[in-house]
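Student:
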């Protein structure tokens, strides 16, 4: 299924609500968009909707952040797929929850989908005063 939602920062709840009703509780969600498109901002909105009050930051240098028990956030900008697997970060995918991944390439997405993981994709682009979210589940 493919859905397009245009939302301002104040309207991110529309995107989060759609995700909550259409994405399985255990899924790997690939976030794409240019630098500062709003990938971490969306992850922060999801955390807030789940009652997670700690600040969500981009895991650019740590590579992975865990928020609560069921929200994981990865930034693969600086590493290749091989390094991702060598570091063992993929082992967390077996933990229940949403795994939000920024800067993954198509080969990783294809590999994980073919390995049987639930996957979804969200492409974020600027649109007027808000952002355009193209969601594929």
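In the numbering used here, the protein residues as written are 12 to 148.
All C-beta atoms, glycine included, are put in the ideal place defined by N, C-alpha and C.
Tell me, which residues are paired with residue 18 by DSSP?
Tutor: Residue 18 is bridged to 142.
Student: By how many angstroms is the C-alpha of residue 97 removed from the C-alpha of residue 14?
Tutor: 35 Å
Student: Identify every residue that forms a DSSP beta bridge with residue 12.
Tutor: DSSP lists no partner for residue 12.
Student: Beta carbon of residue 69, beta carbon of residue 45: below 8 Å?
Tutor: no
Student: Tell me whether residue 132 sits in a helix, a strand or coil according to DSSP, three-state version.
Tutor: strand
Student: Residues in the same chain with beta-carbon distance under 7 Å from residue 95, minus the five sequence neighbours each way, listed in chain order, please.
Tutor: Within the same chain, residue 95 has close Cβ partners 87, 101.
Student: I'd like to check one pair, residue 128 with residue 104: are the Cβ atoms closer than 8 Å?
Tutor: yes
Student: So, is residue 20 buried or exposed, given that buried needs 16 or more other C-beta atoms within 10 angstroms?
Tutor: exposed
Student: Return yes when the Cβ of residue 57 is within less than 8 Å of the Cβ of residue 112, no when it is not.
Tutor: no
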